[in-house]
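Enquirer: Shown below is the structure under consideration.
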Amino acid sequence: YAAYMEIKPLIPLGGYVAGADASVDKAVKMFPAIERFLRQEMREPASLELVQSRLQILFPTAKKAEGQ
1 YAAYMEIKPL
11 IPLGGYVAGA
21 DASVDKAVKM
31 FPAIERFLRQ
41 EMREPASLEL
51 VQSRLQILFP
61 TAKKAEGQ
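Those letters in the sequence shown? Residues 1 to 68, per the UniProt record's numbering, in order.
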């Protein structure tokens with residue numbers, strides 16, 4: 001998120017060139033999905049299991065915390 005927010009103002013101006021920084025490229029690619037994940041209606045239920053499942057889909061290579 002932080003990597004995306006740093007370059008966000010440059011994107012509409014053409015100041016960001018894909019391929020210049022792999023981590024920024026990944027952030028730009030993933031930002032729409034992350035933003036969708038973070039938006040939740042006030043009355044929309046979200047169990048811990050559902051949230052974990054959705055995070056696993058977003059970040060399939062992330063390792064689980066020890067003991068889980």
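Ideal placement from N, C-alpha and C gives every residue a C-beta, glycine not left out.
Please read all numbers here as calculations on a predicted model, not as lab measurements.
At 4 residues or longer, and completely inside the UniProt domain "T3SS EscN ATPase C-terminal" (1 to 56): list those alpha helix (DSSP H) runs for me, N to C.
Expert: 2 to 7, 22 to 38
Enquirer: Please report how far the alpha carbon of Q6 lies from the alpha carbon of D21, in whole angstroms.
Expert: Correcting the residue identity first, residue 6 is Glu in this sequence and not Gln. C-alpha separation (whole angstroms): 12 Å.
Enquirer: Check whether the Cβ of K8 lies closer than 8 Å to any Cβ atom in chain C.
Expert: As a matter of chain content, chain C is missing from the structure shown, which is built from one protein chain.
Enquirer: Examine the Cβ distances between the segment 48 to 59 and the segment 33 to 40 and report whether three or more of them are shorter than 8 Å.
Expert: yes
Enquirer: Buried or exposed: Y4, going by 16 or more other Cβ atoms within 10 Å of its Cβ?
Expert: buried
Enquirer: How about L10 and Y16: do their beta carbons lie closer than 8 Å?
Expert: yes
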